[in-house]
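Report on the structure given below.
Number of protein chains: 2
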Amino acid sequence: MTMKFAERMESLKASEIRELLKLTERPEVISFAGGLPAPELFPVEEMKKITGLVLEESGMQVLQYSTTEGFAPLREKIAQRMEAVGVQATGEDILITSGSQQGLDFTGKIFLDKGDIVVCESPSYLGAINAFKAYLPEFVEVSTDDYGMDMEELEKVLSTRKNVKFIYVIPDFQNPTGKTWSIERRQKLIELANKYNIPVVEDNPYGELRFEGERPPAVKSFDTEGRVVFLGTFSKTFCPGLRIGWTLADKELLQKYIFVKQGSDLQTNTMAQREIDKFLELYDLDAHVEKIKAVYKRRRDIMLEGIKQYFPQGLKYTYPEGGLFTWVELPEYMDAREVLQKALELNVAFVPGGSFFPNGGKENTFRLNYSNMSEEKIQIGIERLGKVLREMLTEKTV
Amino acid sequence: MTMKFAERMESLKASEIRELLKLTERPEVISFAGGLPAPELFPVEEMKKITGLVLEESGMQVLQYSTTEGFAPLREKIAQRMEAVGVQATGEDILITSGSQQGLDFTGKIFLDKGDIVVCESPSYLGAINAFKAYLPEFVEVSTDDYGMDMEELEKVLSTRKNVKFIYVIPDFQNPTGKTWSIERRQKLIELANKYNIPVVEDNPYGELRFEGERPPAVKSFDTEGRVVFLGTFSKTFCPGLRIGWTLADKELLQKYIFVKQGSDLQTNTMAQREIDKFLELYDLDAHVEKIKAVYKRRRDIMLEGIKQYFPQGLKYTYPEGGLFTWVELPEYMDAREVLQKALELNVAFVPGGSFFPNGGKENTFRLNYSNMSEEKIQIGIERLGKVLREMLTEKTV
Chain S
1 MTMKFAERME SLKASEIREL LKLTERPEVI SFAGGLPAPE LFPVEEMKKI
51 TGLVLEESGM QVLQYSTTEG FAPLREKIAQ RMEAVGVQAT GEDILITSGS
101 QQGLDFTGKI FLDKGDIVVC ESPSYLGAIN AFKAYLPEFV EVSTDDYGMD
151 MEELEKVLST RKNVKFIYVI PDFQNPTGKT WSIERRQKLI ELANKYNIPV
201 VEDNPYGELR FEGERPPAVK SFDTEGRVVF LGTFSKTFCP GLRIGWTLAD
251 KELLQKYIFV KQGSDLQTNT MAQREIDKFL ELYDLDAHVE KIKAVYKRRR
301 DIMLEGIKQY FPQGLKYTYP EGGLFTWVEL PEYMDAREVL QKALELNVAF
351 VPGGSFFPNG GKENTFRLNY SNMSEEKIQI GIERLGKVLR EMLTEKTV
Chain Y
1 MTMKFAERME SLKASEIREL LKLTERPEVI SFAGGLPAPE LFPVEEMKKI
51 TGLVLEESGM QVLQYSTTEG FAPLREKIAQ RMEAVGVQAT GEDILITSGS
101 QQGLDFTGKI FLDKGDIVVC ESPSYLGAIN AFKAYLPEFV EVSTDDYGMD
151 MEELEKVLST RKNVKFIYVI PDFQNPTGKT WSIERRQKLI ELANKYNIPV
201 VEDNPYGELR FEGERPPAVK SFDTEGRVVF LGTFSKTFCP GLRIGWTLAD
251 KELLQKYIFV KQGSDLQTNT MAQREIDKFL ELYDLDAHVE KIKAVYKRRR
301 DIMLEGIKQY FPQGLKYTYP EGGLFTWVEL PEYMDAREVL QKALELNVAF
351 VPGGSFFPNG GKENTFRLNY SNMSEEKIQI GIERLGKVLR EMLTEKTV
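The listed protein sequences correspond, in order, to chains S and Y.
Residue numbering for the first sequence follows full-length UniProt numbering, beginning at 1 and increasing consecutively.
Residue numbering for the second sequence follows full-length UniProt numbering, beginning at 1 and increasing consecutively.
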């Protein structure tokens, strides 16, 4: 039969990353494509103990429906952890979501009518772009440098464009570039948001994974007017399969997220919430994060070392102080999708950068993930990728 | 700060049921309000064994990101279980969702532009109404009798109204009425849907909980044109806290649900999917459902017996052959919200029926749930409720 769908369905297609992930499930592929944590670091033994305990102590509750807002003790513990980035909050400011991805979808649902403007970094997180697209906005991309968004360009947008509904930023180890905003830019962002009365959505899944230097205060910490929504997650610090993230916002705004959560899926898995709560009670999450950081730091170092050694001279790439990604820029005439074709022949995968630009373009970029492959595989994969790049550059030069 | 929200936010408010659930958390309240399963029937011991096993066997996988579609072996097992209601399917026809509530939200997202029409039973499930409302449709309610929707009225709607995007039905032990559609009405529904080329959404969370008589084939089983979307869940047959439901649809249409799932929350909790899969592998879910049915049947019997004994003569109420609810109609001049006020003074709660009518009205109705209270509490609660009703009727008569 032929069906008539909503207008939004015309703009939705499968995420390039998720589709790629399927292709790269073959074990022989060295994949720098996804944003997967290293599974060998998951606290499997602790999880066994914890799940046994929560079922023992409160089996009937953990398997039952629960409140839309989430498990109160977990919300309280998350609020306490937010102090590390200068945010004062209580459990009542927090809604538990199915990963922070769900917070992105809800943000679109709450703010966006067709044609409204989302201001974002250029490039920005593909999953956020896709989540927002369902609500048919227009994206205005603002250039970024090594310290965050270009604030002059941002002010130009805010002062000239109507219907800007929010500014979406990933200030810590951005996906896809791995870059981190300076404190000054964070302050300036709030200053401009206040001046033009625009909400800010701070997506922060990677901030805790800092290998060096000091963790800057969250953008939210500079918010005196309740205009910043902070999205957090345990997917990168604990494990993603449990799908536990959170949305932190001022009470009146959070109420809207709660309403939307209710209609969207009633509540997040009760047992997963209790499990993470129990882990936070019995174990030291920060110590666990230290282990993750040590492993990812070595992998980053090996990847950057390999890039230096094997990639053609003169390519630009970022130096991430934490998180999961680095970002490579090829000469403008090159297309990373073609590079991917050839790399896949050598069983190496990554994500071409074009789809991180909501308005298209910049096909000469790609994202590399270093968290999910062993040091040896990173070395081999980067060497192979370097070979492909050198050959392609030579072809062009000839 | 003042923020500008999307137009849809004007129509969204907290679900009356969920808000009530908060009020009724006091242990002294006898609550017929929610739609909660009996937690004492949850397979807690089996869950302990299963969670240990899945973590032991594949800890790294169960805690990692997984595919948007869901865990393939679970999808396959669900497809096989669909044979019980005459539906031939494979795992590829199935998307795992966060409860069937998420399937409702996705249905709205996929089909509805502002002003489009959703045709539904009158009354219909509050959670579905709220999920759809986020996409700003108009609701056209079709009257129901003891055998399902009035088919003449349905044809009148389909033949005269443009922009009908889908027909939403709960054919088995409907929420809120507890009524079940006859086989003839199911066939006629498909006939009309085919004639007017309209998709059908069959929401079926309760069908497996049949206390007597034979389970009719699903509406989906009569679908020869791929126009029926079937929404199922383990929330009532296993446990709701895990939030595992499914959407079954023809491949092309299911692909749209998968795209939408990707942007909404990437995937459903990996571990919960593996747990249910393992339960289905090691235990007999049907035998477990038999236990649930035995308990709920007794509770239904006691509730209906109590209604007969304690409620004023002449009130209409339904006789559900399964599921969780019965539905009471008061004389037209009465308002169930006033009854609730007085009942709460005696620590008895239920859900007034008005909000189950998307276009309002019928405040002289209410829904009673019998699955979540002990036999003793049902007896006491219904006796108290009868007292309130008799007093209110006497007042009016005086």
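Glycine included, C-beta positions come from ideal geometry on N, C-alpha and C.
When the Cα of residue i is compared with those of the options, which residue comes out closest?
i, options, result
"phenylalanine 238(S)", "Phe32(S), Glu40(S), Ser11(S)", "Glu40(S)"
"arginine 161(Y)", "Leu368(Y), Gln341(Y), Val118(Y), Gly314(Y)", "Val118(Y)"
"threonine 326(Y)", "Ile78(Y), Leu23(Y), Gln174(Y), Thr144(Y)", "Gln174(Y)"
"alanine 72(Y)", "Gly323(Y), Leu344(Y), Thr270(Y)", "Thr270(Y)"
"threonine 224(Y)", "Phe350(Y), Tyr206(Y), Glu208(Y), Leu189(Y)", "Leu189(Y)"
"methionine 149(Y)", "Leu136(Y), Leu253(Y), Ser235(Y), Glu184(Y)", "Glu184(Y)"
"leucine 23(S)", "Ser159(S), Leu344(S), Leu389(S)", "Leu344(S)"
"leucine 248(S)", "Leu158(S), Gln379(S), Thr107(S)", "Thr107(S)"
"alanine 336(Y)", "Pro352(Y), Leu324(Y), Arg367(Y)", "Pro352(Y)"
"leucine 126(S)", "Phe311(S), Ser159(S), Tyr168(S)", "Tyr168(S)"
"glutamine 379(Y)", "Ala218(Y), Arg298(Y), Glu208(Y), Lys114(Y)", "Arg298(Y)"
"valine 260(Y)", "Glu69(Y), Asp146(Y), Val140(Y), Cys120(Y)", "Glu69(Y)"
"glutamate 7(Y)", "Lys278(Y), Leu36(Y), Leu136(Y)", "Leu136(Y)"
"lysine 48(Y)", "Ile382(S), Met82(S), Glu56(S), Val339(S)", "Glu56(S)"
"residue 421(Y)", "Val164(Y), Lys195(Y), Ala193(Y), Asp146(Y)", "Outside the shown range of chain Y, which is 1 to 398, sits residue 421(Y), and nothing can be said about it."
"leucine 324(S)", "Leu346(S), Met334(S), Arg300(S)", "Arg300(S)"
"isoleucine 110(S)", "Val201(S), Tyr65(S), Gly361(S), Phe222(S)", "Val201(S)"
"arginine 384(S)", "Tyr317(S), Gly59(S), Val348(S)", "Val348(S)"
"glycine 314(S)", "Met303(S), Pro320(S), Leu330(S), Leu304(S)", "Leu330(S)"
"glutamate 138(S)", "Pro358(S), Asn369(S), Glu363(S)", "Pro358(S)"
Name, please, each residue of chain Y whose Cβ falls closer than 8 angstroms to the Cβ of residue i.
i, result
"glutamate 76(S)", "Chain Y residues near glutamate 76(S): none, gap ~18 angstroms exceeds 8 angstroms."
"glutamate 40(S)", "Met60"
"valine 260(S)", "Leu12, Ala134"
"alanine 131(S)", "Gly263, Ser264"
"leucine 368(S)", "Correct list: empty, because the minimum Cβ distance to chain Y is about 18 angstroms."
Chain S partners of residue i, CB-CB under 8 angstroms?
i, result
"glutamate 225(Y)", "Met1"
"leucine 253(Y)", "Met3"
List the residues of chain S that residue i touches, going by C-beta distances under 7 angstroms, in chain order.
i, result
"proline 240(Y)", "Gln64, Tyr65"
"lysine 293(Y)", "Residues of chain S passing the Cβ test: none, with the nearest at roughly 18 angstroms."
Is DSSP giving residue i helix, strand or coil here?
i, result
"tyrosine 168(Y)", "strand"
"isoleucine 307(Y)", "helix"
"isoleucine 292(Y)", "helix"
"lysine 109(S)", "helix"
"alanine 349(S)", "strand"
"glutamate 383(Y)", "helix"
"valine 54(S)", "helix"
"lysine 316(S)", "strand"
"glycine 322(S)", "strand"
"phenylalanine 132(S)", "helix"
To the nearest angstrom, how far is it from the Cα of residue i to the Cα of residue j?
i, j, result
"glycine 103(Y)", "alanine 79(Y)", "16 angstroms"
"serine 124(S)", "phenylalanine 356(S)", "5 angstroms"
"glycine 91(S)", "arginine 75(S)", "4 angstroms"
"aspartate 116(Y)", "glutamine 309(S)", "59 angstroms"
"glutamate 153(Y)", "lysine 236(S)", "54 angstroms"
"threonine 394(S)", "threonine 365(S)", "18 angstroms"
"glycine 322(S)", "serine 374(S)", "17 angstroms"
"proline 205(S)", "glutamine 101(S)", "10 angstroms"
"tryptophan 246(S)", "valine 229(S)", "10 angstroms"
"glycine 34(S)", "asparagine 372(Y)", "44 angstroms"
"glutamate 155(Y)", "serine 143(Y)", "12 angstroms"
"glycine 306(Y)", "isoleucine 382(Y)", "6 angstroms"
"glycine 86(S)", "glutamate 141(S)", "28 angstroms"
Going along chain S in order, which residues have a C-beta closer than 9 angstroms to the C-beta of residue i?
i, result
"glutamate 7(Y)", "Asp113"
"leucine 36(Y)", "Gln64, Tyr65"
Report whether the distance from the Cβ of residue i to the nearest heavy atom of the ligand ATP is below 7 angstroms.
i, result
"alanine 349(S)", "No copy of the ligand ATP appears in this structure; indeed no ligand is present at all."
At 7 angstroms on the CB atoms, spell out the chain Y contacts of residue i, in chain order.
i, result
"glycine 232(S)", "None at all; the shortest Cβ gap to chain Y is about 15 angstroms."
"threonine 270(S)", "Gly241"
"lysine 308(S)", "Under the 7 angstroms cutoff, chain Y gives no residues; its nearest Cβ is about 30 angstroms from lysine 308(S)."
Which residues of chain Y have a Cβ atom closer than 9 angstroms to the Cβ of residue i, listed in chain order?
i, result
"proline 205(S)", "Within chain Y, no residue comes near proline 205(S); the closest Cβ sits about 12 angstroms away, beyond 9 angstroms."
### Task
Please list the residues of the stretch 43–71 of chain Y that have a C-beta atom closer than 9 angstroms to any C-beta atom in chain S, keeping them in chain order.
Pro43, Val44, Glu45, Met47, Lys48, Thr51, Gly52, Leu55, Glu56, Gly59, Met60, Gln61, Val62, Leu63, Gln64, Tyr65, Ser66, Thr67, Thr68
### Query
For the stretch 94–110 of chain S, which residues have a beta carbon sitting closer than 7 angstroms to at least one beta carbon of chain Y?
Going along the stretch 94–110 of chain S in chain order, one finds Ser98, Gly99, Gln101, Gln102, Asp105, Lys109, Ile110 with a Cβ nearer than 7 angstroms to chain Y.
### Task
Closer than 8 angstroms, Cβ to Cβ, to anything on chain S: give me those residues from the stretch 153–172 of chain Y, in chain order.
Lys165
### Within 7 angstroms of chain S by C-beta, residues of the stretch 175–208 of chain Y in sequence order
Asn197, Pro199
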